[in-house]
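Step one of this worksheet: look at the structure below.
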Amino acid sequence: MSTRAQIEEAILPPLVALMLAAVVGDALILIYGQSPADVYALLIEGTWGNAYGLGQVLYKATTLVFTGLAVGLGLRAGLFNIGAESQLAAGGFCAALVGMALPPGIPAILCLPLYLLAAAFGGGLVGAVPGVLKARFGAHEVIVTIMLNFIVLALLNYLTSAKVHVPDTLHTPELKSGALPRVGDLLPSFHGSAANATSLLAIAAAIALGWFLFRTRAGFELRAVGLQSRAAEYAGINVSGVVWRALAISGAVAGVGGLNYVVGYKHYYEEGFATGAGFLGIAVALVGRNHPVGIVVAALLFATLSQGGLAVNALVPKQMVDVLQAVVILAVSTSVPEVRQLLRGARGSSEK
Amino acid sequence: MRKLLILVGVLLVVHVALLFVHPSGAAQPSARAAVNVGVVFDLGGRGDKSFNDGAYLGAERAAKNLGVRVRFIEPGEGSDRESGLRLLAAEGMQLVIGVGFIFTDDLTQLAREYPNTRFAGVDYSVSMDTGGRIIPPPANLAALKFREEQGSFLVGAMAALLGQSKKVGFVGGMNFPLIHKFEAGYTAGVKRVCPDCEVVVQYAGVTPEAFRNPGKGKELALSQYQQGVNVIFHASGSTGLGVFEAARQTGKLAIGVDADQYKEAPGYVLTSMVKRVDNAVYDAISRVVDKRFTGGIYQYGLAEDGVGYVYDRHNQSLIPPAVRARLETLKQDIIAGRITVPNTRQ
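Chains as they are written, first to last, in numbering that gives the first Met the number 0: chain A, 0 to 351; chain B, 0 to 345.
Structure (structure tokens):
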């Protein structure tokens, strides 16, 4: 297949999905009695049209890049990680615990490695559980990660509200040191926006993951298992080892996403700080075709829709934007070959 | 590939064509009135039939009666709360309202950043310094708080007067100070009219999940009804739906909370301790309209019609005139200050 054909195949299905979503959106807006042009104008105005809106898009996209990369990495190994939601929360929670234990006054650059480790550990631990269960006992990762979401989120809620919260709130005390700088500190026009230095980490993570997947032996093994696990096994790859490591790394990546809120924005862990970002990560990975570049672009798209939803709230209900996101996801998941392949794989294994 | 390209082209043409359609009823996003009010609800708040919907009703009433323009924002995730408040403040709204105690930090910060915009927080939680003194909110921020203990006192008295046993029940949601206020008022009300009555107090849990657990609510209520309790007051969000279910199943009575919950189990809801968020929101907006808005802590109790109990055609057959008269006397006593209702557990 020529490069041009490859690029076409990568870009066209999401493009169709987007156009379809746009037309459905038009229809919904008209049914609601508003003018599509007004609504889209307001959506652009409230997101890319001013520094604050742009900052918010950047902030939301950052979390989505992490969860998108996490899900995308899993899919590359043929594993569907639905647990990014709880892995993200666990990462943020562990980072907040470390931040509470630090002595005050340590510069951010020294704290950052600790926060990274803590968040990756928290998310990675939650990710490793389904990984080990799958590698050791063949438990299906979809079921395990879904169920773990309930368990982990309930546990974190309990720990937060029963052990470490500030009275009359649902959040932990603030980090003692090492809060990351916000974009607004450098560029005054971004004042008040939540965007912070974690966005740089997200770009670094996308590059690192791209390098890992396409330039290292471990990445090759991971993709080989994802494409055809029996062939990979025949070629001498330790499939169960790849499976649990892939899910653990996937969880760790999602966990680091928790830093965006905890270390970059509010400086504490709050119950439900990024509700939905883990699940939206699935959509980001699908639309981004499990490729780091695609995931970054898709994260920006979904972040724009999410922030735009607030801006157009004056004209149409928030649910409209939710529906738009859902249409994008539906359209993409019917047009993306990986998904079809996954479905075929699931059918094949159930016939055994 | 070609087919896909044609599809993209067709969709693009349709999309662009639809952009030119302009329905006659379409609103102008930039239309402004003399007073503009923005309201940010809590996550998934609209449609809760209680708190957030109360704020919505109050704001809509103000839009109708006072001619203000109201804009609502429903956040999608945690960071949207601040974002929503900021969008409204940056638009130059005269009043920005956050619905729920969770807005406390964001409102405080924004009130400092936008000293010319007025803010109001429903259930804003006022913090104390280390010496236990109240830290006042910024001068342009109104903390709209409720004396839930006063309304709870009255329904406590009602439960004791109509319970026909020496035991009345209380089911709380999350075991934390806000709900202790309900419990304290309720217990005081019971003891006022029936000093030797016992109040069976149970909580559904220690996490916010305890407000969303109807199964647990039913379990607690059934066990209380079996112990001889005939009336249960719940302050537990949707966990209370389980309490109503238990009342219906055993043919006993339950008391609703926040909004009139008669419809949840017609015939088994004795009354509801209502928290008039709508009145508080309307009040805050009307102060801005009349140019007499000042920051500070506003307490909405019985005297301000901020809390109360439901007595209407649905439940008046359950409440004899003598009991009604007794409750009204107690209410006047509280308003006049002859009775002080405790707001913390004894």
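Don't be surprised by glycine CBs; every beta carbon is placed ideally from N, CA and C.
C-beta neighbour in chain B for residue i, strict 8 Å
i	result
Gly104 of chain A	no
Leu268 of chain A	Per the sequence shown, residue 268 of chain A should be read as Tyr rather than Leu. Closer than 8 Å: no.
Tyr260 of chain A	yes
Phe272 of chain A	yes
Asn312 of chain A	yes
Ser349 of chain A	A caution first: Ser349 of chain A carries a pLDDT of 48, below 50, which makes its placement in the model unreliable, though a value can still be read off. Closer than 8 Å: no.
Lys175 of chain A	no
Met0 of chain A	Per-residue confidence for Met0 of chain A stands at a pLDDT of 49, beneath the threshold of 50, marking its modelled position as unreliable; the derived number appears in the next sentence. Output row for Met0 of chain A: interface = no.
Gln86 of chain A	no
Asn148 of chain A	no
Leu113 of chain A	no
Leu300 of chain A	no
Ser239 of chain A	no
Val15 of chain A	yes
Leu285 of chain A	no
Ala161 of chain A	yes
Met99 of chain A	no
Ala89 of chain A	no
Leu96 of chain A	no
Residue i classed as buried or exposed, judged by whether at least 16 other C-beta atoms fall within 10 angstroms
i	result
Leu212 of chain A	buried
Ile134 of chain B	exposed
Lys63 of chain B	exposed
His21 of chain B	exposed
Gln315 of chain B	exposed
Thr129 of chain B	exposed
Tyr233 of chain A	exposed
Asp52 of chain B	buried
Pro106 of chain A	exposed
Gln55 of chain A	buried
Asn115 of chain B	exposed
Gly137 of chain A	exposed
Phe19 of chain B	exposed
Gly120 of chain B	buried
Gln225 of chain B	exposed
Ser332 of chain A	buried
Trp210 of chain A	exposed
In DSSP terms, what residue i is bridged to
i	result
Arg70 of chain B	B:Gly37
Asp257 of chain B	B:Val273
Met374 of chain B	Look at the range of chain B in this structure, 0 to 345, and you will see that residue 374 of chain B is not part of it.
Phe118 of chain B	B:Val95 and B:Leu140
Glu197 of chain B	B:Lys166
Leu252 of chain B	B:Val230
Val268 of chain B	B:Ala253
Neighbour flag for residue i against chain A, beta carbons, 8 Å
i	result
Val309 of chain B	no
Pro176 of chain B	yes
Phe210 of chain B	no
Leu3 of chain B	yes
Val256 of chain B	no
Pro137 of chain B	no
His14 of chain B	yes
Thr343 of chain B	no
His313 of chain B	no
Residue i beta carbon near the ligand GDP (any heavy atom closer than 7 Å)
i	result
Glu147 of chain B	Although the ligand GDP was asked about, the structure shown includes no ligands whatsoever.
Give, in chain order, every residue of the segment 55-84 of chain B whose Cβ lies closer than 9 Å to some Cβ of chain A.
-> The residues in question are Arg70, Phe71, Ile72, Glu73, Pro74, Gly75, Glu76, Gly77, Ser78, Asp79, Glu81, Ser82 and Gly83.
Mind checking the segment 182-208 of chain B against chain A and listing, in chain order, the residues whose C-beta falls within less than 9 Å of any C-beta there?
-> Gly204, Val205, Thr206, Pro207 and Glu208
Can you find at least 3 beta carbon pairs, one from the segment 33-44 of chain B and one from the segment 83-99 of chain B, that sit closer than 8 Å?
-> yes
Just by C-beta distance, which residues in the segment 109-132 of chain B are closer than 8 Å to chain A?
-> Glu112, Ser124 and Ser126
What residues from the segment 176-204 of chain A come within 9 Å of chain B, judged by C-beta to C-beta, listed N to C?
-> His190, Gly191, Ser192 and Ala193
Short-range partners of chain B found in the segment 22-38 of chain A, where Cβ spacing is below 7 Å | Val22, Asp25, Leu29, Gly32, Gln33, Ser34, Pro35, Ala36 and Asp37
When the Cβ atoms of the segment 144-160 of chain B are set against those of the segment 170-185 of chain B, are three or more pairs found closer than 8 Å?
-> yes
Check distances from the C-beta atoms of the segment 317-332 of chain A to those of chain B and list, in chain order, the residues that come in under 9 Å.
-> Lys317, Gln318, Val320 and Asp321
For the segment 96-108 of chain B, which residues have a beta carbon sitting closer than 8 Å to at least one beta carbon of chain A?
-> Taking 8 Å as the Cβ-Cβ cut-off against chain A, the residues of the segment 96-108 of chain B that qualify are Phe100, Ile101, Thr103 and Asp104.
Does the segment 205-214 of chain B come close enough to the segment 233-247 of chain B that 3 or more CB-CB pairs lie under 8 Å?
-> yes
Count the C-beta pairs between the segment 116-127 of chain A and the segment 238-255 of chain A that are closer than 8 Å, then say yes if the count reaches three, no if not.
-> Contact check between the segment 116-127 of chain A and the segment 238-255 of chain A: three or more CB pairs, one atom from each, fall below 8 Å, which counts as touching.
Would you check if there are 3 or more beta carbon pairs closer than 8 Å linking the segment 253-266 of chain B to the segment 186-206 of chain B?
-> no
Touch test, the segment 68-84 of chain A against the segment 126-144 of chain A, Cβ-Cβ under 8 Å, three pairs minimum = yes
If you measure beta-carbon to beta-carbon, which residues of the segment 52-64 of chain A are closer than 8 Å to chain B?
-> Only Gln55, Tyr58 and Lys59 from the segment 52-64 of chain A bring a Cβ to less than 8 Å from some Cβ of chain B.
Of all the residues that make up the segment 124-158 of chain A, which are near chain B by a beta-carbon distance shorter than 7 Å?
-> Ala153, Asn156 and Tyr157
Using 8 Å as the Cβ pair cut-off and three pairs as the minimum, do the segment 60-68 of chain A and the segment 264-284 of chain A touch?
-> yes
Evaluate contact between the segment 66-77 of chain B and the segment 6-19 of chain B, counting only Cβ atoms and requiring at least three cross-stretch pairs below 8 Å.
-> Under the 8 Å Cβ criterion, the segment 66-77 of chain B does not count as touching the segment 6-19 of chain B, having fewer than three qualifying pairs.
Do the segment 91-99 of chain A and the segment 167-179 of chain A touch if we need at least three Cβ pairs shorter than 8 Å?
-> yes
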